[in-house]
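When we follow full-length UniProt numbering, the leftmost residue of the sequence shown carries the number 1, and every step to the right adds one.
The beta carbon of each residue, even a glycine, is placed where N, CA and C say it ideally should be.
Note that the structure is a prediction, hence the values are computed from the model and not measured.
Right, one structure below, let's go through it.
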Amino acid sequence: MAKVPDGFHQVRAHIRRNPKPRSAKRMSGWMIAGLCAGAWLWGQVFGFGTAAPAPADPNPAVSTPADR
Numbered sequence: 001m002a003k004v005p006d007g008f009h010q011v012r013a014h015i016r017r018n019p020k021p022r023s024a025k026r027m028s029g030w031m032i033a034g035l036c037a038g039a040w041l042w043g044q045v046f047g048f049g050t051a052a053p054a055p056a057d058p059n060p061a062v063s064t065p066a067d068r
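Quick look at the structure:
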């Protein structure tokens, strides 16, 4: 049986690379998709502070006579 090189270990009949320590957890693609979906749903339910529609002008401009 061949000697396993440094930085590797043998599992059954396979030679595998040793795991490296992670300094910080990375955000997975599913987590990012979930956050985007949550923000979209929040906007659908509660809104993002959309302004109220402007009130209609009480004195509309005259464009055509009313007797037509």
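Assigned secondary structure, residue i (DSSP; H/G/I helix, E/B strand, else coil)
i   : result
V11 : strand
Given residue i as reference, the closest of the options once Cα atoms are compared
i   : options         : result
N18 : F8, P58 and S63 : F8
Same chain only: Cβ atoms within 7 Å of residue i, ignoring 5 sequence neighbours per side
i   : result
I15 : V4 and F8
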